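Engineer: FYI, in the working numbering the residues of the sequence shown are 2 to 335. The beta carbon of each residue, even a glycine, is placed where N, CA and C say it ideally should be. No experiment lies behind these values; they were computed from the predicted model shown.
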Amino acid sequence: MRILGIETSCDETAAAVVEDGRLLLSNVIASQVDLHARYGGVVPEVASRKHLESVLPVIEAALDEAGCTWDDLTAVAVTVGPGLSGSLLVGVNVAKAIVFARGMPLVPVSHLESHIYANWLGGDGEETPPPSFPLLALVVSGGHTDLVVMEDHGEYRQLGHTRDDAAGEAFDKVARLLGLGFPGGPAVERAAAGSAPSFRLPRAWLPGSYDFSFSGMKTAVLREIHQYGGKGAPVVELAAAFQDAVVEVLVTKTVGAARAERVKEIVLAGGVAANSELRQRLVARSPVPVRLPPLVFCTDNAAMVAACGYFRLRRGVKAGLDQDVIAGLGFTPV
Ligand code: KG4
Ligand code: ZN
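1. Write down the C-beta distance between N276 and G209 rounded to the nearest angstrom, noting that I regard them as a contact closer than 8 Å.
2. Taking the straight line between their C-alpha atoms, what separation do you get for G182 and A38?
3. Check whether the segment 238-252 and the segment 273-287 are in contact - that is, three or more C-beta pairs closer than 8 Å.
4. Could you check whether K254 and L148 sit closer than 9 Å to each other, using their CB atoms as the reference points?
5. Any heavy atom of the ligand KG4 closer than 8 Å to the beta-carbon of S86?
6. Could you tell me the distance, in whole angstroms, from the CA atom of N302 to the CA atom of N28?
7. According to DSSP, what are the bridge partners of H162?
8. What residues in its chain sit with their C-beta under 6 Å from that of E66, if we drop five residues either side in the sequence?
9. If you draw a straight line from the alpha carbon of D21 to that of G233, how long is it in whole angstroms?
10. Apply the 10 Å Cβ neighbour rule to P265 and answer buried if 16 or more other Cβ atoms are within range, or exposed otherwise.
11. Please check the pair K359 and L322, which I expect to be a contact at CB under 8 Å, by giving their CB distance rounded to whole angstroms.
12. If you measure from each residue's Cβ to the nearest non-hydrogen atom of the ligand KG4, which ones come out under 5 Å, in chain order?
13. Suppose contacts are defined by Cβ-Cβ distances below 9 Å. Is G6 in contact with A62 by that definition?
14. State the start and end residues of the unbroken alpha helix (DSSP H) segment that holds S216.
15. Out of C69, L107, M305 and Y118, state which residue places its alpha-carbon closest to the alpha-carbon of A76.
16. Can you list, in chain order, the residues of its chain whose CB lies under 7 Å from that of P295, leaving out five sequence neighbours each side?
17. Could you tell me how far apart the beta carbons of M151 and L139 are, in whole angstroms, since I believe they sit closer than 8 Å?
Listed below in structure tokens is the structure:
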């Protein structure tokens, strides 16, 4: 089965073709990052207009790169939420037009669930075996921070989530405070690179729960900056101290949950999964194997949507042409 995935939930217009949920045939991403950088964050109205411009050329490029015609496709999988409504609408409506014109099934996909499926990509089923259940997924993106046990395809049990900022959101906000630019995660990582944190920021452990809280760490950074009267704050040290605090909490809670739930492996997912400090420390401390998606599949892409769509279609999940966007969606579409 060859599935065309379409992803427009935030600020990347992406299309990809994936065979049987694992084999990548193409992966095209048009990033809007430069467009939004001057505003210090994603401007929803600007994002949806840019998606409109990019979506058809991106889909055509994905078909070209895969060496596919429309006739070679089995279905179209599209992100229906969570995300920015205006952005999601572009992908969902294009997907509907394609399936209507070609008489193919439409598979609705949750952006969060699809991030987990980045871990199925890249293998042909022989060389790299697929993840084995039950697994523990740490989904860390710009909008979400979730610890989830996945018992099987489509079967999730959420153990914890953030009570305030998402991990990526906290990275973005701290980068802005430190004048490091947008997107903040990679900027903080670059600034902190190679320097051991010279002081400790407070951690919010929320004992007895797998929930997270990052806004206190962000405020602690702001307090430090104020101590320097807005000038001359030690940017490198603060970036390193912040990254150290976020990574320590994420790794400690994930490792604790993996032990308690007796999972077979841990999979990392979402934009913050690109952070090398997080990747290294999770691998170092985990009692079970850790699967780390290649960097290009951590941040938003459509290959993960096609992979997720394949496993949903195999379970018979399809949408009608009345499928709407669901901006506040959780893991599995209704
Ligand atoms: O998954 P994603 O591309 O989009 C959402 O679904 O939100 O995640 C984007 C988030 C941003 O907050 C970005 O700052 C963060 O992922 N991010 C990182 C890194 N690369 C991206 N955070 C920390 N370290 C990185 N290397
Ligand atoms: Zn994402």
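Structural biologist: Quick answer:
1. On the sequence shown, position 275 is the one that residue 276 refers to. On the sequence shown, position 208 is the one that residue 209 refers to. Cβ atoms of N276 and G209 stay farther apart than 8 Å, at about 27 Å.
2. Here residue 182 refers to the residue found at position 181 of the sequence shown. Here residue 38 refers to the residue found at position 37 of the sequence shown. The alpha-carbon atoms of G182 and A38 are separated by roughly 7 Å.
3. Contact between the segment 238-252 and the segment 273-287 is present, because at least three Cβ pairs lie under 8 Å.
4. Here residue 148 refers to the residue found at position 147 when the sequence shown is read from its first residue. Here residue 254 refers to the residue found at position 253 when the sequence shown is read from its first residue. Yes. Within cutoff.
5. Position 85 of the sequence shown, counting from 1, holds the residue named residue 86. Not so, every heavy atom of the ligand KG4 lies at least 8 Å from the Cβ.
6. In the sequence shown, the residue the question calls residue 302 occupies position 301. In the sequence shown, the residue the question calls residue 28 occupies position 27. Their Cα atoms are separated by approximately 8 Å.
7. The residue you call residue 162 lines up with position 161 of the sequence shown. Per DSSP, D147.
8. To locate residue 66, count along the sequence shown from 1; it is residue 65. The residues are S27.
9. As a working mapping, residue 21 is identified with position 20 in the sequence shown. As a working mapping, residue 233 is identified with position 232 in the sequence shown. Whole-angstrom Cα-Cα distance: 54 Å.
10. Counted from its first residue, the sequence shown places residue 265 at position 264. Per the sequence presented here, residue 265 reads as Lys, with Pro not at that position. Residue environment: K265 is assigned as exposed (fewer than 16 neighbouring CB atoms within 10 Å of its CB, all protein chains considered).
11. The structure shown does not extend to residue 359, since the chain spans only 2 to 335, so no value can be given for it.
12. Residues flagged by the Cβ proximity filter: S142, G143, G144, G169, F172, D173, P184, G185, G186, P187, E190, G271, G272, V273, A275, N276, T300 and D301.
13. Counting from one through the sequence shown, the residue named residue 6 turns up at place 5. Counting from one through the sequence shown, the residue named residue 62 turns up at place 61. No, the Cβ-Cβ distance between G6 and A62 is not below 9 Å.
14. Within the sequence shown, numbered from 1, the residue matching residue 216 stands at position 215. Annotation: the continuous alpha helix (DSSP H) that includes S216 extends over S216 to Q228.
15. As a first step, residue 76 is located in the sequence shown; it is residue number 75 there, counting from the start. Closest by C-alpha distance to A76, out of C69, L107, M305 and Y118, is L107.
16. Here residue 295 is taken as the residue at index 294 of the sequence shown, counted from 1. These residues qualify, in order along the chain: G123.
17. Locating residue 151 in the sequence shown gives position 150, counting from the first residue. Locating residue 139 in the sequence shown gives position 138, counting from the first residue. With 8 Å as the limit, M151 and L139 do not qualify as a contact, their Cβ atoms being about 11 Å apart.
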